[in-house]
Amino acid sequence: MDTPQQVGDLLQEYAERGVFRGFSRQRETRQQGEFRVRWHRDQVFQWGYDRRRRSLRVACVLPAVPAGSRMYRDFRQWLRARQDPTLPAHRRYDPARLTLRAYNRGGDVALTVRVLDDDLDHGVRRAVSLVNEIYLDFINRGPYFDWLLETFDLDPDRPS
Amino acid sequence: MSQYEETPQPDPSKRAAPSAEELDSNGSARRGFLRKSVLGVGGAVAAGTAGQAFGAETCDVADLKLPSIRIPADFTDSLAESAAPGKFEGRGMSGAEVFANLCLKEELAGLFCCPGNYTVINALAAAGIPTYGGRTEGSMCAMADGFSRATGEVVATSGTEGPGFTNMIMNIAAANAARTPLLVLASNMTIAGEDREAFIQTVYQQPTTVGMRKYGKRLIAPDRVHEYGAYAFRQLKSGVPGPVHLDFPAEVARARFRDPAELKDFYDRSQYRSDSRSYPAPADMKKAAEMIHKAQRPLIVAGQGVFQRQGWDALHRVAEKNEIAVATSGPTRGAFPDEHRLCVMAAPDAMMSADLVVFVGQYCMPSPGEYYFNPEIRAIRVHPEQEDLGRNWPLDLGIVSDEALFLEALADALKQQKRAAWVDEIAAAKKTFQDSIDEVYQLGLKYSQQTNTLHPAVIARETQRFIDSGTDDRAAIVSAFGGWTSGIFAGRYMRANRPAQMIVPAYQYGAIGPDMAMMMGVCAAVQRGVGPQKGYEGAPTICLTSDAGVAYSLMELDTANKYRLPTITIVYNNNAWGVWPNAARSARSMHMYLFQENLRYDLLARGLGAEGDYVTTPEAFNAALALAYRRARDDKQSTLINCQAIKEFTSPRDYPPGISLPPEPGVGAAAH
Chain S
5 MDTPQQVGDL LQEYAERGVF RGFSRQRETR QQGEFRVRWH RDQVFQWGYD RRRRSLRVAC
65 VLPAVPAGSR MYRDFRQWLR ARQDPTLPAH RRYDPARLTL RAYNRGGDVA LTVRVLDDDL
125 DHGVRRAVSL VNEIYLDFIN RGPYFDWLLE TFDLDPDRPS
Chain E
19 MSQYEETPQP DPSKRAAPSA EELDSNGSAR RGFLRKSVLG VGGAVAAGTA GQAFGAETCD
79 VADLKLPSIR IPADFTDSLA ESAAPGKFEG RGMSGAEVFA NLCLKEELAG LFCCPGNYTV
139 INALAAAGIP TYGGRTEGSM CAMADGFSRA TGEVVATSGT EGPGFTNMIM NIAAANAART
199 PLLVLASNMT IAGEDREAFI QTVYQQPTTV GMRKYGKRLI APDRVHEYGA YAFRQLKSGV
259 PGPVHLDFPA EVARARFRDP AELKDFYDRS QYRSDSRSYP APADMKKAAE MIHKAQRPLI
319 VAGQGVFQRQ GWDALHRVAE KNEIAVATSG PTRGAFPDEH RLCVMAAPDA MMSADLVVFV
379 GQYCMPSPGE YYFNPEIRAI RVHPEQEDLG RNWPLDLGIV SDEALFLEAL ADALKQQKRA
439 AWVDEIAAAK KTFQDSIDEV YQLGLKYSQQ TNTLHPAVIA RETQRFIDSG TDDRAAIVSA
499 FGGWTSGIFA GRYMRANRPA QMIVPAYQYG AIGPDMAMMM GVCAAVQRGV GPQKGYEGAP
559 TICLTSDAGV AYSLMELDTA NKYRLPTITI VYNNNAWGVW PNAARSARSM HMYLFQENLR
619 YDLLARGLGA EGDYVTTPEA FNAALALAYR RARDDKQSTL INCQAIKEFT SPRDYPPGIS
679 LPPEPGVGAA AH
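Chains S and E supply the protein sequences, listed in that same order. So the numbering used here is basically just the index in the first sequence, starting at one, shifted up by 4. So the numbering used here is basically just the index in the second sequence, starting at one, shifted up by 18.
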């Protein structure tokens with residue numbers, strides 16, 4: 005099975021487990037699905053699934069990151085490092101099973117995860133994991149504290 | 019007003035900053051300004067011995083003969099007085115004495131106060147409870163909190179009716195966030211004068227602490243003073259701890275009782291509260307053991323409850339038996355050693371790999387996304403109160419249990435299990451983290467050289483290096499980190515390797531300010547060897563804090579010095595509130611975030627009878643730290659080391675990487 009409904013069911017499971025703070029199924033056809041996920045930084049992420057391409061897409065996984073910025077370069081490098089063969093298997097985004105791509109449109113960074121094998125369940129779970137790591141690891145590991153405050157209009161005394 | 023308060027002080031600007039050479043050669047040569055006793059008053063507190071004679075009567079400064087700062091004989095004489103608890107015989111007992119005797123039986127570990135609430139604090143002192151008097155109620159409240167964080171014991175703080183009580187508010191709230199069993203006492207005028215605004219200081223206290231306490235009561239019936247004391251200790255010593263606030267109108271504190279029959283519910287603690295603890299249900303234990311055995315990379319987050327219930331030995335047994343990773347959380351660190359092979363406090367990458375988390379005694383509960391976990395992680399939570407299970411963090415299994423009893427039961431229930439791959443991954447993650455902070459330290463060294471000031475990473479790493487290799491016993495030093503920029507850096511470098519070896523002053527409430535005073539309370543606990551501090555008597559404490567923070571507590575150096583509490587306070591002085599970048603987008607705001615530059619907190623410390631050093635280089639800092647340690651160890655002398663920095667170290671643009679919040683749980687965690 006590789007239907008948009010299956011993707012929706014998997015994402016809904018995260019909402020039911022309390023990982024997401026909110027979830028809704030926007031549109032599901034035979035070929036495409038669209039979902040809304042309220043999660044990190046209280047953002048609503050638009051998730052899409054294209055059955056023909058076997059591709060999951062988060063329309064704006066990081067806002068306000070200009071294409072020519074150091075942060076965007078760092079992000080792409082960080083993304084590549086997620087597929088490094090030295091990572092433990094449970095942490096690695098196996099390039100034989102998944103393709104990870106970032107796109108920048110006017111500062112909005114979109115993320116796509118293309119599933120290369122038959123295991124859509126694995127692909128969806130890894131995509132969820134990847135978004136989680138972007139917010140817990142990438143942003144906190146780099147010099148992005150000021151970006152965090154400005155982008156999400158946070159009080160520095162309460163930046164999480 | 020004492021003569022010492024009127025003593026003219028020398029011009030601080032005429033004192034040069036010490037060089038590394040000066041600090042190394044002979045610290046005492048520069049100490050002519052002050053004359054100190056050789057033996058500590060702290061020793062007198064602990065041993066009940068008489069106070070000591072003090073040094074020279076005067077000192078020469080810039081051709082002026084000035085009276086030396088000294089501890090008055092009345093002070094040391096007072097500490098040497100024998101306890102005299104109230105009795106029904108003769109004049110009878112006051113309400114305050116009835117309450118004080120109850121506190122004594124409940125083994126109240128100490129009282130930190132300012133004068134005010136006289137009847138009660140005098141009764142507590144007379145009863146034989148160790149007492150400390152200081153300069154501001156807020157700081158004394160922080161000291162009490164610190165004492166409790168370092169020991170797990172119930173400690174009291176007190177202030178006078180309105181102003182003294184309200185001065186304590188920030189630190190009552192900090193204690194509440196940390197779940198400290200803090201007994202807040204305050205006098206409160208008279209019942210007869212209620213609503214009349216008679217004379218001064220009238221305020222309704224109890225509504226003020228709603229939201230920052232576990233229990234509170236204005237005592238209005240004199241013959242129920244013992245009963246409400248029992249209420250207080252039942253709350254302080256049962257379940258999840260938290261502050262208890264009692265206010266004493268004069269009619270209660272000064273009532274006289276000549277016969278036990280005059281008091282209601284005047285019976286022993288064995289009858290007004292129970293030490294019974296909840297034991298985990300067998301079915302829950304079976305399921306928990308199954309989940310742990312099934313997991314490949316299990317992790318225990320040992321929270322404040324593990325410390326409070328002294329479950330650290332059982333925690334160790336569980337972790338070793340089944341090779342379970344451990345992180346600790348809460349305002350008190352070290353229940354599991356940071357350097358243990360299974361500890362992931364300095365291994366965030368390993369935390370992200372965990373597939374099962376067992377929260378034990380995590381009183382302040384994060385939400386998913388606040389901890390550095392992956393979305394697949396399953397969760398068990400163990401908590402003494404059922405109604406908290408499932409709050410914030412969705413659970414796969416909730417278990418009602420006392421934390422220590424759960425860990426003991428788990429140690430029995432688990433099979434021996436090796437998890438070589440998990441252990442290897444933890445080791446690799448530790449190395450990755452260490453490499454990353456070493457890299458920042460190297461950058462900090464470079465920036466320090468460029469600016470001739472001290473980068474916070476350098477201060478933090480050198481402080482921990484000194485604790486590890488420059489002290490007589492690295493396990494003896496209790497440390498803490500606070501301040502915004504300084505705290506964020508320090509947390510990554512500083513370590514705790516035995517229970518209560520580190521305090522997190524900013525834990526959850528995020529108050530910038532109580533750090534220094536809180537560590538004086540910790541130091542009192544260490545000097546007396548209370549609880550997990552037993553065996554480390556005499557050791558100094560080290561507090562790394564900021565120039566913003568130190569302003570709230572600095573006057574208490576007088577208190578530390580007179581009680582001979584050997585504290586070392588390292589001040590990261592960046593001339594600004596650490597949050598100054600918030601003014602960057604509002605040019606007319608910047609002035610509100612800035613201090614005068616190059617302020618001499620070290621000279622203020624000297625003026626208060628402590629020592630102070632001003633440093634700008636890593637070499638001078640290391641020398642100052644070594645000297646401060648010797649002063650503390652040998653003379654029970656407190657030192658403030660003023661580390662000059664620049665505010666721009668906060669900025670990732672000017673001095674990358676700037677600041678970023680450390681992953682939680684882990685070293686540096688302050689939120690949960």
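Note that beta-carbon positions come from the ideal geometry of N, C-alpha and C, so glycine has one too. Just so you know, these numbers come straight off a predicted model, no measurement behind them.
In terms of Cβ geometry, Met-303/E and Ala-431/E form a close pair [threshold 7 angstroms]. The region 559-578 of chain E makes contact with the region 492-503 of chain E: 3 or more CB pairs, one atom from each, lie closer than 8 angstroms. The Cβ atoms of Met-537/E and Glu-574/E do not sit closer than 7 angstroms to each other. About 14 angstroms separates the Cβ atoms of Ile-139/E and Leu-122/E, ruling out a contact at the 8 angstroms cut-off. For the region 584-606 of chain E, the set of residues with a beta-carbon nearer than 7 angstroms to any beta-carbon of chain S comprises Val-597, Pro-599 and Asn-600, in chain order.
One thing to note: Arg-40/S has its Cβ within 7 angstroms of the Cβ of Gln-30/S.
Secondary structure at Met-512/E: coil, using DSSP grouped into helix, strand and coil. Assignment of Val-11/S by DSSP, reduced to helix, strand and coil, places it in the helix class. For Ser-133/S, the secondary structure class from DSSP, reduced to helix, strand or coil, is helix. The C-alpha of Ser-371/E is placed about 12 angstroms away from the C-alpha of Val-441/E. Along the length of the region 329-399 of chain E, whole alpha helix (DSSP H) runs at least 4 residues long occupy 330-340 and 366-371, reported in chain order.
Residue environment: Met-608/E is assigned as exposed (fewer than 16 neighbouring CB atoms within 10 Å of its CB, all protein chains considered). Here the alpha carbon of Glu-480/E sits roughly 11 angstroms from the alpha carbon of Ala-642/E.
Counting C-beta atoms within 10 angstroms of its own C-beta, Thr-33/S has fewer than 16 neighbours from the protein chains shown and is therefore classed as exposed. Under DSSP, Phe-27/S forms a beta bridge with Val-41/S. The beta carbon of Pro-384/E sits closer than 8 angstroms to the beta carbons of Asn-410, Trp-411, Glu-682, Ala-689 and His-690 from its chain, once the five residues preceding and following it are set aside; these are given in chain order. At a C-beta separation below 7 angstroms, Asp-150/S has these neighbours in chain E: Pro-599 and Pro-670.
At a cut-off of 7 angstroms between beta-carbon atoms, Ser-678/E makes contact with chain S. Contact annotation for Ser-133/S against chain E: Asn-392, Pro-393 and Glu-394 [CB-CB distance below 8 angstroms, chain order]. Looking at the DSSP output, Gln-50/S shares a beta bridge with Arg-40/S. Within the DSSP bridge table, the entry for Asn-108/S names Val-113/S as partners.
Rounded to whole angstroms, Ser-454/E and Asp-576/E show a C-alpha spacing of 40 angstroms.
A Cβ-Cβ contact shorter than 7 angstroms links Ile-209/E with Pro-267/E. Listed by position along chain E, the residues whose Cβ is nearer than 7 angstroms to that of His-94/S are Ser-371.
Sequence-distant partners of Leu-617/E (beyond 5 residues in either direction) whose C-beta falls short of 6 angstroms from its own C-beta are missing from its chain. At a Cβ-Cβ threshold of 7 angstroms, Thr-471/E and Met-534/E do not count as neighbours.
C-alpha of Phe-156/S to C-alpha of Tyr-148/S: approximately 12 angstroms in a straight line. Thr-634/E sits in coil when the DSSP states are folded into three classes, being neither helix nor strand. For the 7 angstroms CB-CB criterion, Tyr-139/S and Asn-108/S do not form a contact.
A contact is defined here as three or more CB-CB pairs under 8 angstroms, and the region 589-597 of chain E fails this definition with respect to the region 545-558 of chain E. Interface with chain S (7 angstroms Cβ-Cβ cutoff): Glu-443/E is included. Membership of Pro-300/E in any beta strand (DSSP E) is not indicated; the residue belongs instead to the alpha helix (DSSP H) covering 300-312.
For Pro-680/E, the closest C-alpha among the options Asp-141/S, Leu-153/S, Val-128/S and Thr-116/S is that of Asp-141/S. Secondary structure of Gln-87/S (DSSP, three-state): coil. A residue is called buried once 16 or more other Cβ atoms fall within 10 Å of its Cβ, and Asp-213/E, having fewer, is exposed.
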